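Engineer: Per full-length UniProt numbering, the very first residue in the sequence shown carries number 1; after that it's consecutive.
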Amino acid sequence: MTERGFKMPNLADLTEATRLARGGRLGKASALIQRSLSSGLEAGDTTGSRTTQADRHAAILPERLREGLGQLLRGLRGVPVVKGLKGFEFHGLQPEPESRPNEHFVARSFSNVAGARDYKLFIPSGHAGPRPLVVMLHGCTQSPDDFAAGTRMNELAQEDGIYVAYPGQTRGANAQKCWNWFETRDQGRERGEAGIIAGLTRAIIAEHPIDPLRVYVAGLSAGGAAAANIARAYPDVFAGVGVHSGLAAGCARDLTSALMAMRAGAPGAELPGGESGFGTAQATQSVRVPTIVFHGGNDTTVNPRNGEEVLAQAGIDSLSQSSESGTRPGGHRYTRTLYRDTDGQVQAESWRVDGSGHAWSGGSSTGSYTDPLGPDASRAMLDFFAQHRLGSGLNP
Numbered sequence: 001m002t003e004r005g006f007k008m009p010n011l012a013d014l015t016e017a018t019r020l021a022r023g024g025r026l027g028k029a030s031a032l033i034q035r036s037l038s039s040g041l042e043a044g045d046t047t048g049s050r051t052t053q054a055d056r057h058a059a060i061l062p063e064r065l066r067e068g069l070g071q072l073l074r075g076l077r078g079v080p081v082v083k084g085l086k087g088f089e090f091h092g093l094q095p096e097p098e099s100r101p102n103e104h105f106v107a108r109s110f111s112n113v114a115g116a117r118d119y120k121l122f123i124p125s126g127h128a129g130p131r132p133l134v135v136m137l138h139g140c141t142q143s144p145d146d147f148a149a150g151t152r153m154n155e156l157a158q159e160d161g162i163y164v165a166y167p168g169q170t171r172g173a174n175a176q177k178c179w180n181w182f183e184t185r186d187q188g189r190e191r192g193e194a195g196i197i198a199g200l201t202r203a204i205i206a207e208h209p210i211d212p213l214r215v216y217v218a219g220l221s222a223g224g225a226a227a228a229n230i231a232r233a234y235p236d237v238f239a240g241v242g243v244h245s246g247l248a249a250g251c252a253r254d255l256t257s258a259l260m261a262m263r264a265g266a267p268g269a270e271l272p273g274g275e276s277g278f279g280t281a282q283a284t285q286s287v288r289v290p291t292i293v294f295h296g297g298n299d300t301t302v303n304p305r306n307g308e309e310v311l312a313q314a315g316i317d318s319l320s321q322s323s324e325s326g327t328r329p330g331g332h333r334y335t336r337t338l339y340r341d342t343d344g345q346v347q348a349e350s351w352r353v354d355g356s357g358h359a360w361s362g363g364s365s366t367g368s369y370t371d372p373l374g375p376d377a378s379r380a381m382l383d384f385f386a387q388h389r390l391g392s393g394l395n396p
């Protein structure tokens, strides 16, 4: 089809370019369509106004050609527009806005003898010197991107200059993408998922300007329970642990005992009907791992008693405690308890959020399992971690 000498793009070229774009061969697709459209524009540029002429011809394109060109433009989004194509856009067929990858939130993979996992790494910008690292373990059904969005941890980490790693669980390892915190093979040192996460952490420390004395691990739900296991297994790697809606290290040995612990708490919890709970939390080690716990008072997925068991493992019996209560403006009431050693250093911290369920407190609704009405767990954890360096743990 022509108008006043204007040569319309060849439909066969558009069809072939669309096929190439769908197949991921954007370079060849772009070259083909650009040759076709550029030649058409140049041939018809008899008035010196390409944009006006392109708009006029766009209005008379056959429906099939419009559809093909629309598909192609969508397929070629992000490909630079060459001279001669500017203005050759019409309503309904503009390419979608370019979605540029975040250069500060990158995808990586890790493997060692214990296994392999993909992970996302947030790299802060504009901060000099060795930086802290926080390893974040998501909950069941979640992903690194979902967890990052829900916790808003990257936003806060950029402010403070903190690296944040988000290992991703696979469906091959767990159908619901839960970390296998209840499996004994994944709880111990240099084996299973604990060994993978520790190895991944060491690899990040070796590759980036990380301060090895300021490395921490935290998680939600199954990720919180896994974080507790990992921190207990690697007190020489992690200077602190954050457990949100999770369970104590080693409190389960299989799926049955895990369900018991989630339902009524562990260890030795009594279930309705007088039935005894399964599992016993590991004995406190000689080195205290500084611990911060968040738990919703209305959590029906993981009994809040499990948060108390996490604190028990942190050796709070030998610490002095002080509590304060408050309410987030327009949100939930909470009780914050600090546990100090004889030097006044806070070695453990607990947040009990009344009215909140099984969700990350103060999180963003852009992610799953969040409760925006609660106090900010991400901010509280980063503030707690900032007080601790590796080697500062004391005998309980």
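Don't be surprised by glycine CBs; every beta carbon is placed ideally from N, CA and C.
Owing to the predicted nature of the structure, the values given are computational and were not obtained by experimental measurement.
Can you tell me where the alpha helix (DSSP H) with T151 in it begins and where it stops?
Structural biologist: Segment 144-151, the alpha helix (DSSP H) holding T151.
Engineer: For chain C, find out if any of its Cβ atoms is closer than 8 Å to the Cβ of G362; answer yes or no.
Structural biologist: Structure shown: chain C not included; a single protein chain is present.
Engineer: Tell me which same chain residues have a C-beta within less than 6 Å of the C-beta of L338, skipping the five on either side of it?
Structural biologist: Closer than 6 Å at Cβ, skipping near neighbours: S322, V346, E349.
Engineer: Opposite G330 in the DSSP bridges: which residues?
Structural biologist: The partner list for G330 (beta bridge, DSSP) is empty, contrary to what the question assumes.
Engineer: Consult DSSP for Q313 and reduce its assignment to one of helix, strand or coil.
Structural biologist: Here Q313 sits in helix by DSSP.
Engineer: In the DSSP assignment, what residue or residues form a beta bridge with W351?
Structural biologist: Its beta-bridge partners are F294, R336.
Engineer: My assumption, with CB atoms under 8 Å, is that G297 sits in contact with S356. Please give the rounded CB distance.
Structural biologist: So it is a contact: roughly 7 Å between Cβ atoms.
Engineer: Around the C-beta of E309, are 16 or more other C-beta atoms found within 10 angstroms, so that it is buried, or is it exposed?
Structural biologist: The residue is buried, with at least 16 neighbouring Cβ atoms inside 10 Å.
Engineer: Measuring straight from C-alpha to C-alpha, what distance separates R131 and T184?
Structural biologist: Each residue's alpha carbon lies about 33 Å from the other.
Engineer: Quick one: what's got a C-beta closer than 7 Å to G139's C-beta in the same chain, skipping five residues either side?
Structural biologist: Same-chain partners within the cutoff: L220, S221, A222, G223, Y369.
Engineer: Count the other CB atoms, across all protein chains shown, that sit within 10 Å of the CB of D254; report buried if there are 16 or more and exposed otherwise.
Structural biologist: By the neighbour-count rule (16 or more Cβ atoms within 10 Å), D254 is not buried but exposed.
Engineer: Tell me whether E193 is buried or exposed, calling it buried when 16 or more other Cβ atoms sit within 10 Å of its Cβ.
Structural biologist: Flag for E193 reads buried.
Engineer: Could you tell me the distance, in whole angstroms, from the CA atom of A175 to the CA atom of V293?
Structural biologist: Near 27 Å, if we compare the C-alpha coordinates of V293 and A175.
Engineer: Roughly how many angstroms lie between the CA atoms of W360 and D354, to the nearest whole one?
Structural biologist: For W360 and D354, the distance between alpha carbons rounds to 13 Å.
Engineer: Please tell me whether Y166 and Y119 are closer than 8 Å, where the distance is taken between their beta carbons.
Structural biologist: Taking 8 Å as the Cβ cut-off, Y166 and Y119 qualify as a contacting pair.
Engineer: Suppose you measure from the CA of A312 to the CA of I204; what does that come to, to the nearest Å?
Structural biologist: Their Cα atoms are separated by approximately 31 Å.
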